[in-house]
Ligand code: GLC
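Structure below.
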């Protein structure tokens with residue numbers, strides 16, 4: 113098998129899954145002020161580390177989390193096994209600032225893997241390449257002697273994660289910054305050991321080769337300084353340059369943003385906005401990784417729980433418009449917005465297209481600029497069969513829709529075409545005379 117074929121086979125489940133749950137959780141959750149506080153608030157370790165003693169997860173946090181992921185319709189979960197603060201949710205031989213040797217007194221990664229696996233979901237681990245605990249990370253010239261140990265810690269911890277918990281489906285690295293890259297004056301270090309790519313400094317080619325030997329089926333994201341299996345646009349939905357490359361947009365509920373627990377979030381998106389991003393990612397061929405920041409006890413709060421429930425209810429009714437769909441041709445012919453963009457967005461599978469309506473027209477929906485012939489339509493939201501009639505200009509009128517939106521987030525109309533749908537070429541002025549015809553997809557005439 114070639115590398116490309118191997119990658120394609122490993123990515124098969126990912127492309128069907130579409131929707132994952134990101135979980136930022138650690139001893140910072142105790143304060144409920146996000147995941148950045150150690151460095152953002154410049155807390156010396158003597159002030160920060162006691163949080164790990166106060167960090168006391170409930171006994172059933174992991175099965176509850178797995179249940180929430182299932183209920184919201186996620187197909188995989190990604191948990192922060194270590195964030196930038198260096199605190200490990202797993203037992204590690206490298207240092208004692210970890211869950212087994214502080215407040216929790218347990219290996220939380222073990223509990224997580226077991227519960228998520230038992231729920232039938234794919235298991236992902238987030239791991240921050242940088243650790244703010246090293247003086248050498250901030251001042252690599254004064255503390256140059258720390259650098260080999262800092263790199264060794266990364267390699268050892270990743271090996272621990274890849275060997276102690278059975279099958280891991282995804283490794284989600286973050287922030288492969290070379291030590292000192294944010295230190296004033298770093299630009300004068302040309303030619304020094306620090307003037308290296310993250311890949312060279314952290315030896316991530318070697319690291320990831322080992323990961324793949326231990327977990328041959330694993331998917332690795334693009335944040336170890338190497339492109340690996342998939343891209344990770346953050347807080348935005350944007351496809352990779354290479355249309356064949358997999359990607360996953362990750363996003364928080366709040367705009368601020370905070371990924372860890374937030375007691376008081378002041379700028380949340382609505383469930384409708386979150387769903388819009390989910391559908392937007394899926395129609396363009398990507399995945400959507402929606403984030404939650406559980407409380408220190410490990411439970412999802414009402415702010416995020418409410419949105420998860422709404423998404424779950426929507427996916428329960430409309431999941432076939434999302435899972436295992438593919439981008440098809442509708443948005444791949446140079447029309448980023450595509451047909452019907454002012455109603456909503458299409459997803460598709462074979463001859464079936466789904467129009468998720470973010471703008472509800474009431475009865476008398478008009479489908480235009482799409483070929484070939486439309487055979488039938490159904491309101492997926494209620495299962496009601498709709499009437500399809502041809503109109504001039506290669507349009508179709510769909511009737512039988514209720515006057516008011518039948519779903520609080522976004523109703524979906526399911527359309528069966530004669531063959532796989534395609535966008536009609538940009539039309540000339542003939543439509544003003546009612547003479548515009550479907551003459552096949554662009555480039556086929
Ligand atoms: C940003 C945040 C970090 C978070 C990550 C997730 O880099 O700084 O805290 O873990 O996004 O992609």
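Numbering (the numbering used here), first residue to last: 113 to 557.
Ideal placement from N, C-alpha and C gives every residue a C-beta, glycine not left out.
All values reported here derive from a predicted model rather than from experimental measurement.
According to the neighbour-count rule (16 or more other Cβ atoms, all chains shown, within 10 Å of its Cβ), is residue i buried or exposed?
{"i": "residue 187", "result": "buried"}
{"i": "residue 465", "result": "buried"}
{"i": "residue 351", "result": "buried"}
{"i": "residue 309", "result": "exposed"}
{"i": "residue 333", "result": "buried"}
{"i": "residue 529", "result": "buried"}
{"i": "residue 140", "result": "buried"}
{"i": "residue 347", "result": "exposed"}
{"i": "residue 501", "result": "exposed"}
{"i": "residue 114", "result": "exposed"}
{"i": "residue 383", "result": "buried"}
{"i": "residue 260", "result": "exposed"}
{"i": "residue 448", "result": "exposed"}
{"i": "residue 428", "result": "exposed"}
{"i": "residue 160", "result": "buried"}
{"i": "residue 156", "result": "exposed"}
{"i": "residue 247", "result": "exposed"}
{"i": "residue 316", "result": "buried"}
{"i": "residue 624", "result": "The question about residue 624 has no answer, for the chain in this structure spans 113 to 557."}
{"i": "residue 636", "result": "What the structure shows of the chain is the stretch from 113 to 557, and residue 636 is not part of that stretch, so it cannot be assessed."}
{"i": "residue 124", "result": "exposed"}
{"i": "residue 375", "result": "exposed"}
{"i": "residue 264", "result": "exposed"}
Could you tell me how far apart the beta carbons of residue i and residue j are, in whole angstroms, since I believe they sit closer than 8 angstroms?
{"i": "residue 478", "j": "residue 497", "result": "Between residue 497 and residue 478 the Cβ distance is about 18 angstroms, and since that is not below 8 angstroms, they are no contact."}
{"i": "residue 476", "j": "residue 511", "result": "6 angstroms"}
{"i": "residue 209", "j": "residue 164", "result": "6 angstroms"}
{"i": "residue 400", "j": "residue 368", "result": "Contact flag wrong, Cβ pair sits at about 19 angstroms."}
{"i": "residue 513", "j": "residue 474", "result": "7 angstroms"}
{"i": "residue 344", "j": "residue 335", "result": "6 angstroms"}
{"i": "residue 468", "j": "residue 450", "result": "Between residue 450 and residue 468 the Cβ distance is about 13 angstroms, and since that is not below 8 angstroms, they are no contact."}
{"i": "residue 136", "j": "residue 403", "result": "6 angstroms"}
{"i": "residue 527", "j": "residue 184", "result": "The pair is not a contact, with the Cβ atoms about 27 angstroms apart (cut-off 8 angstroms)."}
{"i": "residue 127", "j": "residue 358", "result": "7 angstroms"}
{"i": "residue 535", "j": "residue 486", "result": "Not quite, the Cβ-Cβ distance comes to about 14 angstroms (not below 8 angstroms), so this is no contact."}
{"i": "residue 430", "j": "residue 492", "result": "6 angstroms"}
{"i": "residue 268", "j": "residue 205", "result": "7 angstroms"}
{"i": "residue 506", "j": "residue 463", "result": "Not confirmed; about 17 angstroms, so no contact."}
{"i": "residue 235", "j": "residue 281", "result": "5 angstroms"}
{"i": "residue 198", "j": "residue 166", "result": "Actually they are not in contact, since the Cβ atoms of residue 198 and residue 166 sit about 17 angstroms apart, beyond 8 angstroms."}
Quick one: residues in its chain with C-beta nearer than 8 angstroms to the C-beta of residue i, no 5 flanking neighbours on either side, listed in chain order?
{"i": "residue 119", "result": "341"}
{"i": "residue 407", "result": "141, 144, 373, 413"}
{"i": "residue 218", "result": "169, 211, 212"}
{"i": "residue 557", "result": "Bear in mind that the predicted position of residue 557 carries a pLDDT of just 43, short of 50, making it unreliable; the figure below should be weighed with that in mind. Contacts found: 551."}
{"i": "residue 278", "result": "225, 229"}
{"i": "residue 233", "result": "178, 181, 182, 186, 187, 188, 189"}
{"i": "residue 255", "result": "246, 247, 248"}
{"i": "residue 311", "result": "288, 317, 336, 337, 338"}
{"i": "residue 116", "result": "none"}
If I measure Cβ to Cβ from residue i and keep anything under 7 angstroms in the same chain, skipping five residues before and after, which residues do I get?
{"i": "residue 411", "result": "170, 173, 176"}
{"i": "residue 121", "result": "none"}
{"i": "residue 313", "result": "290"}
{"i": "residue 494", "result": "518"}
{"i": "residue 249", "result": "242, 243, 262, 291"}
{"i": "residue 324", "result": "330"}
Sorted by chain position, which residues of the same chain lie with C-beta nearer than 6 angstroms to residue i's C-beta, five sequence neighbours on each side aside?
{"i": "residue 459", "result": "394, 395, 433, 437, 466"}
{"i": "residue 349", "result": "361, 389, 392, 393"}
{"i": "residue 147", "result": "136, 140, 195, 371, 372"}
{"i": "residue 257", "result": "none"}
{"i": "residue 130", "result": "394, 399, 434, 435"}
Using 7 angstroms as the limit for Cβ to Cβ distance, is residue i near chain D?
{"i": "residue 460", "result": "Looking for chain D here will not work: only one protein chain is present."}
With a threshold of 8 angstroms, are at least 3 pairs of Cβ atoms found where one atom belongs to the segment 263 to 277 and the other to the segment 226 to 241? yes
Are the segment 139 to 155 and the segment 175 to 186 touching by the rule of at least three beta carbon pairs closer than 8 angstroms? Short answer: they don't touch.
Could you check whether the segment 387 to 404 touches the segment 429 to 439, counting it as contact only if at least three pairs of C-beta atoms, one from each stretch, sit closer than 8 angstroms? yes
For the structure I just gave you, are there three or more beta carbon pairs, one from the segment 539 to 553 and one from the segment 514 to 528, closer than 8 angstroms? no
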